[in-house]
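Heads up: the structure comes next, in C-alpha cells.
In this note's numbering, the protein residues as written are 115 to 467.
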C-alpha cells in the first residue's frame, strides 16, 4: 500500500509540473512577482499582467505566449524555450535578458532596455536560437555571445549603438529570410559571423558599419544597400556569392582605409554588384578593389575615390577586366577622382558619349 501511495503522489507531482500557468487576466490589472514557468506548452501571460519582477523558463521545453500590455522589468530567462509574442515586448530598466530563447514575433516589437547589454546563453550551449518575424530595437551597446538565426522578415534597429560579436555569436539570415540592419555598428565581423543560409537570404543595410576583425567571406545570399553601408578594418571582404547585391538610389557602399574588396564569385558573372541609378555610389577611402579573372563590371552609378586607393585586376583581356560602363550611354558610370588611384592589371573605361 505504501508503494502505491508513493507512486500515486509521484504521478500527481509530474502532472502538477506539466500544468501550464496562466498569469493575469484580460479584464483586470495585476502586479506579478517573479514567475517561473514550468515545462509545458500552453503557458500564457495575459493582457493585464504587470511583469515587474521578470519571468523565467524552466528549460528548453517551456513555451509561453506573451500578450501583456505593460513593459517588463527584472530578469527574463528563456533557457532556449519558445516565447510567442501576441503584443510588443518592451523591456524597461532595470531589466536583464539573462539567457536567450526562440522568439516567434508575429511582426511584433522586442525593445531592449538600456540595462540589457548582453545577449547570451549558458556556456554549455553553442547552437543558435531562432527569432522569427521580429522587430528588434536596441537602447544600449550589446555584446553577443551566442548566435541568432533570423527567419521570415526581421529587423534590428541599433539606434546608433554597437553590437560586438564574440565567442559563438552570429547574425544569420535564415532560408528565404530578410534581415534589415539599421543605424548600427557591428564589430568583430569575419567569415561565418554574418551569412545567409540560402541564395535568397537577404541583408538590407541602412546606415550600417561592419568592422572586420578578420577576412569576411560572404558566400551565400545577397546584400541590399540602403542609405550608407561602410566596411572598415584592415582585412578583406571577399564576395563569393553567386547572387546579385545592389546599391539603391541615393545610397553608398563605402570601403574604408586598408580594406580590400575582393570580387571572387563562384559563378562566372561580372555583374553581381549593381548600382541601380546615378545616385548609387561605390567609394574607396584608401581601399583596394580587387577582381579575379572573372572581372567586375560597374554600370549606371558613381565611382569615387577619397585618399589614395587601388584597383587590382587579375584579368588579361577585356572580358576579365574591371570595367566602368558597358558601352551604352544609359549605363555610363560617373567617376569622381578625389584622390590618386593606382591601377594594376586590366582596367577598362567603357563609358560612351
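The beta-carbon is built from N, C-alpha and C at its ideal position, and this holds for glycine as well.
Beta-carbon contacts of residue i that lie in its chain and below 6 angstroms, excluding the five residues immediately before and after
i           : result
residue 293 : 264, 268, 287 and 317
residue 143 : 162
residue 216 : 196, 243 and 244
residue 457 : 425
residue 194 : 174 and 215
Distance cut-off 8 angstroms: residue i Cβ against heavy atoms of the ligand MN
i           : result
residue 380 : This structure does not include the ligand MN; it has no bound ligands of any sort.
Bridge partner(s) assigned by DSSP for residue i
i           : result
residue 411 : 437
residue 217 : 197 and 245
residue 388 : 360
residue 344 : 323 and 368
residue 451 : 419
residue 250 : 224 and 270
residue 163 : 144
Where the beta strand (DSSP E) containing residue i begins and where it ends
i           : result
residue 267 : 267-279
residue 402 : 402-405
residue 146 : Element bounds for residue 146: n/a, residue is neither H nor E.
residue 170 : 169-171
residue 258 : 256-258
residue 431 : First-last for residue 431: undefined, no H or E at that position.
residue 179 : 177-180
residue 284 : No beta strand (DSSP E) holds residue 284; DSSP gives it neither H nor E.
residue 186 : 186-191
Residue i, buried or exposed, once every other Cβ within 10 Å from all chains shown has been counted against 16
i           : result
residue 519 : Outside the modelled stretch of the chain, which goes from 115 to 467, sits residue 519, for which no answer is possible.
residue 368 : buried
residue 370 : buried
residue 439 : buried
residue 379 : buried
residue 436 : buried
residue 421 : exposed
residue 219 : buried
residue 274 : exposed
residue 291 : buried
residue 392 : exposed
residue 179 : buried
residue 430 : exposed
residue 441 : exposed
Nonlocal neighbours in the same chain, by C-beta distance under 7 angstroms from residue i, ignoring five residues either side
i           : result
residue 381 : 356
residue 465 : 438, 439, 446 and 447
residue 461 : 425, 427, 435 and 436
Sequence-distant residues of its chain with Cβ nearer than 8 angstroms to residue i (five each side left out)
i           : result
residue 190 : 168, 169, 170, 205, 209, 210, 211 and 212
residue 177 : 154, 155, 156, 157, 195, 196, 197 and 198
Cβ-Cβ separation, residue j to residue i (assumed contact under 8 angstroms), whole Å
i           : j           : result
residue 415 : residue 389 : 3 angstroms
residue 329 : residue 352 : 6 angstroms
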